[in-house]
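**Q**
Residue numbers (UniProt numbering): 1 to 66.
#1: For the alpha helix (DSSP H) holding residue 58, just list the boundary residues, first then last.
#2: Can you tell me whether residue 16 is helix, strand or coil according to DSSP?
#3: Can you give me the C-alpha to C-alpha distance between residue 10 and residue 17, rounded to a whole angstrom?
#4: Ends of the alpha helix (DSSP H) at residue 33?
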């Protein structure tokens with residue numbers, strides 16, 4: 001039998017989600033157009049190859065039984 005959160009805990013979790021969403025909806029980060037353009041350029045640039053990333057991308061998929 002799984003432990004389910006009490007109604008009080010569910011209400012608290014729900015309230016927390018609402019508060020977090022309200023904060024995220026109301027948060028504005030203002031930057032200069034040049035800074036924003038630089039950020040977009042960095043986000044759009046391909047990642048640098050690394051051994052760790054290569055291992056991760058070539059690892060067997062855990063949900064496939066081949």
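Where is the CB? At the ideal position from N, CA and C, for every residue including glycine.
**A** According to the data block:
#1: From DSSP, the alpha helix (DSSP H) with residue 58 extends over 51–58.
#2: Note: residue 16 maps to helix in three-state DSSP.
#3: Taking the straight line from one Cα to the other gives about 11 Å.
#4: Where residue 33 is concerned, the enclosing alpha helix (DSSP H) stretches over 33–44.
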